[in-house]
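Quick note, the sequences are listed as chains A, B, C and D, same order. Counting from 1 along the first sequence, just add 423 to a position and that's the residue number in my numbering. Counting from 1 along the second sequence, just add 423 to a position and that's the residue number in my numbering. Counting from 1 along the third sequence, just add 423 to a position and that's the residue number in my numbering. Counting from 1 along the fourth sequence, just add 423 to a position and that's the residue number in my numbering. Beta carbons are placed, not taken as given, at the ideal position from N, Cα and C, and that holds for glycine. A quick note: this is a predicted structure, and the numbers were derived from the prediction, not measured. Have a look at the structure below, then the notes.
4 protein chains.
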Amino acid sequence: MNTGFFSTDKIPFEGPDSTNPLAFRHYDPDEIVLGKRMEDQLRFAVAYWHSFAWEGLDPFGGPTFDRPWYPQDSVENAKVKADVAFELFSALGAPFYCFHDADMRPDLGNFSANKRAFDEIVEIFAAKQEETGVKLLWGTANLFSHRRFMSGASTNPDPEVFAYSAATIKSCMDATKKLGGQNYVLWGGREGYETLLNTDLGREDQQMGRMLHMVVEYKHAIGFEGQIMIEPKPQEPSKHQYDYDVATVYGFLKRHGLENEVRVNIEQGHSILAGHSWEHEIALAQTLGIFGSIDANRNDYQSGWDTDQFPNNVPEVALAYYHILKHGGFEAGGGTNFDSKLRRQSIDADDLLIGHIGGMDTCARGLKAAAAMIEDGTMSDFVDERYSGWNSDYWQGVLAGGGSLDEIARKVEDEGIEPEPRSGKQEYLENVVNRFV
Amino acid sequence: MNTGFFSTDKIPFEGPDSTNPLAFRHYDPDEIVLGKRMEDQLRFAVAYWHSFAWEGLDPFGGPTFDRPWYPQDSVENAKVKADVAFELFSALGAPFYCFHDADMRPDLGNFSANKRAFDEIVEIFAAKQEETGVKLLWGTANLFSHRRFMSGASTNPDPEVFAYSAATIKSCMDATKKLGGQNYVLWGGREGYETLLNTDLGREDQQMGRMLHMVVEYKHAIGFEGQIMIEPKPQEPSKHQYDYDVATVYGFLKRHGLENEVRVNIEQGHSILAGHSWEHEIALAQTLGIFGSIDANRNDYQSGWDTDQFPNNVPEVALAYYHILKHGGFEAGGGTNFDSKLRRQSIDADDLLIGHIGGMDTCARGLKAAAAMIEDGTMSDFVDERYSGWNSDYWQGVLAGGGSLDEIARKVEDEGIEPEPRSGKQEYLENVVNRFV
Amino acid sequence: MNTGFFSTDKIPFEGPDSTNPLAFRHYDPDEIVLGKRMEDQLRFAVAYWHSFAWEGLDPFGGPTFDRPWYPQDSVENAKVKADVAFELFSALGAPFYCFHDADMRPDLGNFSANKRAFDEIVEIFAAKQEETGVKLLWGTANLFSHRRFMSGASTNPDPEVFAYSAATIKSCMDATKKLGGQNYVLWGGREGYETLLNTDLGREDQQMGRMLHMVVEYKHAIGFEGQIMIEPKPQEPSKHQYDYDVATVYGFLKRHGLENEVRVNIEQGHSILAGHSWEHEIALAQTLGIFGSIDANRNDYQSGWDTDQFPNNVPEVALAYYHILKHGGFEAGGGTNFDSKLRRQSIDADDLLIGHIGGMDTCARGLKAAAAMIEDGTMSDFVDERYSGWNSDYWQGVLAGGGSLDEIARKVEDEGIEPEPRSGKQEYLENVVNRFV
Amino acid sequence: MNTGFFSTDKIPFEGPDSTNPLAFRHYDPDEIVLGKRMEDQLRFAVAYWHSFAWEGLDPFGGPTFDRPWYPQDSVENAKVKADVAFELFSALGAPFYCFHDADMRPDLGNFSANKRAFDEIVEIFAAKQEETGVKLLWGTANLFSHRRFMSGASTNPDPEVFAYSAATIKSCMDATKKLGGQNYVLWGGREGYETLLNTDLGREDQQMGRMLHMVVEYKHAIGFEGQIMIEPKPQEPSKHQYDYDVATVYGFLKRHGLENEVRVNIEQGHSILAGHSWEHEIALAQTLGIFGSIDANRNDYQSGWDTDQFPNNVPEVALAYYHILKHGGFEAGGGTNFDSKLRRQSIDADDLLIGHIGGMDTCARGLKAAAAMIEDGTMSDFVDERYSGWNSDYWQGVLAGGGSLDEIARKVEDEGIEPEPRSGKQEYLENVVNRFV
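Pasting the structure below:
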């Protein structure tokens with residue numbers, strides 16, 4: 424059955440010269456990149472929320488989209504939405520999708536009714552997965568939209584909200600497991616504060632730590648094999664969010680002894696809002712051993728709020744995949760999720776296809792450029808050479824715990840060490856990158 | 424002996440009605456605030472570098488100041504500089520100052536000559552401390568101005584620079600100990616990168632961790648009793664700095680097992696550049712157990728570079744001291760350093776006095792307001808009450824490791840928990856603050 | 424009749440020592456400031472939209488407030504809303520309010536029905552004004568919330584939207600005149616673009632210019648005596664807004680020959696988002712002869728979106744009123760509007776009172792401080808003296824069009840002019856300000 | 424004569440597959456793009472200051488470069504510098520360069536001595552231009568580095584500084600004319616303020632307006648045919664700069680009746696700092712009729728200070744050239760200046776070549792992509808179609824001054840106009856752009 428919502432049910436690969444807006448020009452799932460099918464390297468996922476549940480509101484405007492599944496207040500309409508969503512996944516050839524509970528089911532006003540509706544929809548999703556071959560990259564719980572969460576979920580001053588959050592996470596983890604989800608994500612949009620004046624940081628840290636422990640405990644209890652991931656973001660909707668960036672999440676995990684259990688899902692847009700490049704956050708997470716997955720949506724650099732746009736700048740995306748590929752890709756189960764939304768003026772049904780096509784093509788070009796950089800080796804050789812002075816026995820010994828300020832100071836004076844700076848060659852390296860993008 | 428550089432050798436306290444630009448209106452060192460002399464609560468320090476070594480350059484302009492100790496290339500002029508500096512400390516009644524090696528001594532071109540010059544100047548400083556009663560709050564090493572450090576100090580790809588840095592830190596720690604310094608600070612202005620393209624994050628993390636361990640080992644070896652502190656800053660001069668903010672430093676310390684040995688010196692300006700309020704960074708450091716000391720200089724919120732201005736906004740400063748006082752003040756040896764510089768157009772000698780007077784008065788008003796907030800108790804009572812639901816045995820048990828998602832989910836369903844949100848009362852609390860500032 | 428929505432119907436002035444959250448501590452309407460009653464200097468207005476029509480949504484969350492006039496889809500509920508609103512105005516003793524059409528009336532789905540509903544509500548407002556003595560500071564049209572405006576109002580690529588906008592503005596100007604409004608404001612939240620790729624700047628400039636001309640023509644046609652004002656904002660909701668800041672609006676007005684007909688309504692929050700201080704925008708508008716009125720709501724400096732918070736920092740507000748008072752206050756009919764919204768967690772009815780009380784007290788303190796600075800004269804004397812070299816006949820002649828590069832170059836060489844810089848005394852002046860705030 | 428400073432005296436074009444760091448891969452001066460040689464479309468210029476006069480300082484560090492023309496305090500060394508500079512221009516095949524007086528000559532301490540040195544160096548430059556065929560794109564005066572300008576040049580409170588500035592501009596305009604310069608530029612780095620507290624905006628506006636009039640008068644007096652241009656920048660070094668952005672400069676020009684005499688030189692980096700995209704500033708200047716020339720150096724989006732980096736992102740550069748080409752390119756005499764500096768760690772001589780090669784290749788790719796977009800026509804056709812509703816007689820009449828709010832309101836009611844929104848197709852257009860970059 425086809426709802427007829429989109430003007431096509433299949434986006435073909437037509438190659439770089441195509442001018443067909445409903446074709447891929449770069450994303451060819453079967454092309455081999457660094458020894459793997461492109462589809463298996465990129466592992467694209469569509470976000471259910473932005474593409475299907477968001478109605479086009481912004482802080483100064485109401486809904487702009489006009490969809491057959493509106494209003495989103497009944498299980499019946501939720502089924503229409505699911506029909507169209509799986510048509511999108513299939514048309515794009517996207518192997519994965521991601522969800523929140525609240526995207527999938529209507530809000531029926533209380534926990535039990537919502538849970539029943541959710542369970543019903545999950546069954547439908549399971550059937551659709553079976554039918555289409557589309558899989559679940561990750562599930563997550565929406566603990567930020569309803570007013571009950573306005574002052575936090577696990578970090579709420581009211582333990583009843585903590586309880587409600589725990590129960591919601593449980594049902595989302597159950598659904599994720601049932602749907603064969605490969606990961607489970609936590610994004611703490613309200614885990615932070617609007618003003619420090621009414622906030623106890625110590626208590627909230629303890630609450631958030633305990634909740635995360637319970638998530639990990641439950642994962643093991645039910646035998647869920649996927650990665651548990653936190654998605655960092657510095658602010659918005661909260662004035663300050665605790666999962667500010669990768670470094671902050673790492674400190675939190677270490678503090679609570681969870682650094683071997685929990686990883687990060689890194690969004691380009693959130694990286695930018697935190698003052699970092701995306702590749703910084705990815706490379707840092709890899710260094711710290713907590714890299715999990717990515718959200719490939721960009722932020723406008725000059726809009727101070729979350730713009731969640733489809734990626735369209737190949738040079739930026741290439742650097743992200745460069746670091747991902749250097750560390751083995753998404754071996755641990757991550758992928759490339761588009762936590763992207765259409766601009767609210769893009770109200771045509773096919774705009775949903777077009778936005779994803781552009782994002783997928785951009786990522787495909789970025790991936791291929793990154794693979795070429797790796798195969799070329801110029802960049803990593805340069806870096807290795809730059810640090811090669813550290814490879815001597817003496818300096819390896821120091822790094823291993825040898826030496827002391829005193830001993831090294833004597834060495835400086837005795838040997839008359841006066842280091843001569845060497846060029847960092849940034850422009851050269853930037854030009855090397857431009858050979859590939 | 425008086426150099427005659429300033430138009431007065433003593434800034435008196437004249438009370439709030441004074442219009443004398445060379446008098447304090449709020450800073451009365453002997454006034455008792457929360458049971459202590461104001462001087463002992465605030466523990467003001469003057470930064471040697473900005474006030475005496477910086478010549479007024481900015482990225483588009485050369486020196487504007489015209490000082491009797493220019494050019495700063497001889498030990499002789501360094502002595503003139505020291506004479507004037509201690510006149511400033513004394514005139515202000517500032518109990519402390521802070522230094523880098525490179526502020527105090529000329530650059531004579533190689534490590535040994537610089538070390539000799541430094542040792543000579545340290546003797547002079549020791550004598551001046553003796554004579555004036557002014558003390559050293561903290562010392563630090565300048566590992567960022569000379570071109571040898573352009574690609575990092577401990578994180579340099581060249582281990583010779585690491586060695587040079589270690590030797591420099593050693594001499595600065597020695598000088599700090601000799602001068603009775605109460606703390607030792609590390610600010611890593613070049614510990615970061617200009618481009619990730621030429622950078623190995625893992626190696627640099629390891630190098631920086633080892634250096635910090637050596638600092639701590641040396642502290643214990645020489646019996647230095649003061650706090651070792653890192654000063655976070657997100658960027659500038661580097662594109663990215665590793666000690667980004669308090670949370671990042673905490674993660675780094677945990678990673679290297681140093682969280683009980685090293686604390687943070689928190690600057691308002693750096694907090695702002697990292698996207699945080701100053702009080703956030705202070706409260707977070709206290710929560711994490713790593714609060715050490717403060718730099719009380721603000722940043723223009725709208726200038727994207729480090730403006731290092733004297734504090735002048737009492738409401739902002741009051742909230743910082745509120746958190747400091749709530750956690751026992753500077754019990755562990757910290758203080759209020761002015762890492763502030765005059766605007767480069769403020770070229771009169773007395774502008775140095777006037778800038779500090781304004782900063783000290785602003786801090787004095789902020790401190791008194793903070794003390795009044797604490798004595799009043801409205802704010803902290805509100806926060807305690809807000810979280811009081813967590814004080815039950817059940818929820819304390821959960822926080823202590825009890826419960827599970829499963830158990831709590833059952834509780835939610837069984838008890839029909841549907842939490843009702845309560846007002847966060849932000850405007851009320853802001854109005855309460857305004858009763859005191 | 425009292426709806427009982429608030430816990431009090433009158434906020435008394437109790438003086439600075441009061442701890443009553445429902446009393447003014449600084450705003451005493453009858454106190455004389457620079458020769459006028461404080462009420463007549465400040466001319467406070469409450470914004471109907473944020474306080475009554477906004478339901479607490481943010482980009483990640485739904486409504487949090489729970490008001491007796493929800494849902495806002497009937498004329499009946501609009502009347503309940505009006506009842507409570509005038510109770511707020513009266514309780515606060517706010518002499519003015521401001522409105523958009525869409526705040527006051529429900530959306531009944533088409534222009535004619537909406538106009539009828541609007542007319543009906545306007546009658547009710549007229550009666551309430553009569554009854555309470557509360558007046559209208561300004562009216563404005565909401566040309567940004569409905570999806571028809573998603574691509575602009577007057578700048579829409581579709582002339583039908585231009586037409587719809589013109590018709591809406593006409594009805595809002597009519598209502599403003601009927602209600603005795605003292606000004607009419609245009610805020611162009613969608614007059615800009617989301618992407619330059621689909622935008623013709625020249626066409627949109629022409630459209631916007633023509634609309635503003637028609638507004639001015641209509642003002643004269645109906646004999647409306649108040650100021651027409653544009654409210655600048657740089658972005659949000661649009662990626663770029665044409666009325667970016669005061670300087671940009673001035674250029675637009677000059678381009679279209681409207682600089683003597685149209686002025687600006689300057690919001691602190693929008694000033695901050697545009698990279699300026701509020702006092703800069705005010706002083707610039709005064710210099711350019713287009714200062715009209717203010718919106719006294721601040722923005723969080725570190726949140727990149729519009730936070731519309733009640734003002735609470737007295738030093739900032741004092742500098743704004745300093746410039747306003749120096750140029751004669753709100754002589755031309757402007758006032759102090761609170762385009763402020765409660766934080767969405769502030770869900771108690773009385774929070775609406777408390778937010779406004781804090782804002783009004785902050786402005787009252789700021790105004791009094793500003794008046795004291797003016798009476799003191801130190802600051803303006805300093806500025807006059809600083810430029811006094813320009814008062815000579817020679818330099819006045821140059822400014823009047825005399826001299827030439829050639830002549831002045833000869834003068835420099837002949838007279839050997841080598842200017843000696845003089846201190847800008849910024850820290851001194853900041854300390855002077857702190858004597859008053 | 425060859426100084427041997429660089430390792431080559433000619434950068435060849437080797438095509439896209441070259442891996443030679445000292446070759447162009449995309450910039451082939453003779454390739455025809457939209458009917459013109461690429462060299463004549465791009466009109467590249469090298470900035471004398473950043474590449475030759477800047478020593479590598481930043482706010483936290485001293486010089487890093489080590490050049491044979493240091494110290495820059497003698498005419499002799501200035502000649503060495505000129506020798507190397509023209510070798511760079513020639514090696515790159517850059518047709519143009521740009522200068523400030525202070526880059527070319529040493530500072531000899533007073534106006535007359537500096538003028539004599541400048542005149543001497545100008546003769547040398549004239550000879551070198553003759554010899555190499557390199558030409559001058561534009562000259563400008565450095566009115567911001569010396570301490571005499573610390574409080575402004577034309578906007579200084581001291582008219583002697585205004586005089587000194589006028590004399591300096593005169594000598595720079597004379598030199599520009601003598602050297603056949605095609606434009607003259609004014610960048611007002613100190614034309615603004617550090618604090619509004621000591622500033623009279625009205626006086627400074629009048630002073631700046633008078634100076635610009637004198638510049639225009641002098642241009643006509645000496646028969647200089649080139650464009651006079653202002654280069655906008657929002658801030659840095661000043662807290663606020665008057666030439667904030669294109670729109671602000673336009674308003675200033677209109678206010679002083681100079682909009683037909685003066686244009687803008689638009690830098691990408693400054694556009695970004697002002698909150699705009701580069702293409703926005705270019706398209707706006709074209710709309711306002713004041714587009715002159717460009718500085719093709721980018722800013723790091725996340726560093727709040729001026730980073731002046733060589734362009735390296737082709738998609739960004741392509742959009743800039745798209746607007747330039749659409750409006751006839753640099754017909755009026757502008758060009759593409761690299762106001763770029765090496766990173767201070769890029770200390771090798773050849774890094775100067777490499778930086779420019781990367782910038783020139785990036786611009787060449789961008790230009791070719793832009794030309795292809797124009798030849799394709801999809802984008803401009805889309806925009807024309809989007810606004811086509813305005814082409815009717817009725818709406819053209821309204822834009823020409825017909826209609827009124829009243830008339831149009833009647834039309835809306837009579838015709839029952841209820842506009843239906845149409846998709847803005849942003850993602851589609853972004854994908855179209857990606858077909859070309």
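- With a cut-off of 8 Å on Cβ pairs, the region 637-656 of chain A is in contact with the region 602-618 of chain A, counting three or more such pairs.
- Within the region 460-501 of chain D, complete alpha helix (DSSP H) segments of at least 4 residues are found at 461-465, given in chain order.
- Between E437(A) and R448(A), the gap from beta carbon to beta carbon is short of 8 Å.
- Residue contact with chain B for M573(D): present (Cβ-Cβ distance below 8 Å to some residue of chain B).
- At a cut-off of 8 Å between beta carbons, G484(D) contacts chain B.
- When Cβ-Cβ separations below 8 Å define contact, E853(A) makes contact with chain D.
- Beyond the five residues adjoining it in sequence on each side, G752(A) comes within less than 7 Å, by CB distance, of Q464 in the same chain, given in chain order.
- In chain order, Q464, L790, K791, A794 place their CB closer than 8 Å to the CB of V456(C), counting only its own chain and leaving out the 5 sequence neighbours on each side.
- Using a 10 angstroms sphere on the CB of Y817(D), the tally of other CB atoms stays under 16, which defines it as exposed.
- For a cut-off of 8 Å, the C-beta gap from S769(D) to G847(A) is around 6 Å, short enough to register as a contact.
- Residue contact check for H569(D) against chain B: a CB pair falls below 8 Å.
- DSSP places E830(A) in the uninterrupted alpha helix (DSSP H) bounded by 828-838.
- For secondary structure counted as the alpha helix (DSSP H) over 4 or more consecutive residues, the region 723-779 of chain D holds these complete runs in sequence order: 737-749.
- Think of a sphere of 9 Å around the beta carbon of T442(A): the chain D residues whose beta carbon falls inside it are D799, T801, V855, R858, in chain order.
- Assigned with DSSP and collapsed to three states, L852(C) falls in helix.
- By the Cβ test, the region 696-708 of chain A is not in contact with the region 818-825 of chain D, since fewer than three Cβ pairs between them sit closer than 8 Å.
- Listed in chain order, the positions of the region 725-747 of chain B with a beta carbon within less than 9 Å of a beta carbon of chain D are Q725, S726, G727, W728, D729, T730.
- Residues of chain D with a Cβ closer than 7 Å to the Cβ of I777(A) are, in chain order, E850, Y851, N854.
- Measuring C-alpha to C-alpha distances from E478(D) to each of E478(B), P482(B), F475(B) identifies P482(B) as the nearest.
- With respect to chain D, the C-beta atom of T563(B) has no partner C-beta closer than 8 Å.
- With a threshold of 8 Å between beta carbons, H643(C) makes no contact with chain D.
- Annotation: Cβ neighbours of L765(A) in chain D (cutoff 7 Å, chain order): E850.
- Annotation for D723(A): T730, Q732 place their beta carbon closer than 7 Å to its own, counting only its chain and skipping 5 residues before and after.
- Each of R460(C), S588(C), Y607(C) was checked against the Cα of M631(C), and the nearest Cα belongs to S588(C).
- Considering only beta carbons, the part of the region 620-643 of chain A lying closer than 8 Å to chain B consists of L620, N621, T622, D623, L624, G625, R626, D628, Q629, Q630, R633, H636, M637, V638, E640, Y641, in chain order.
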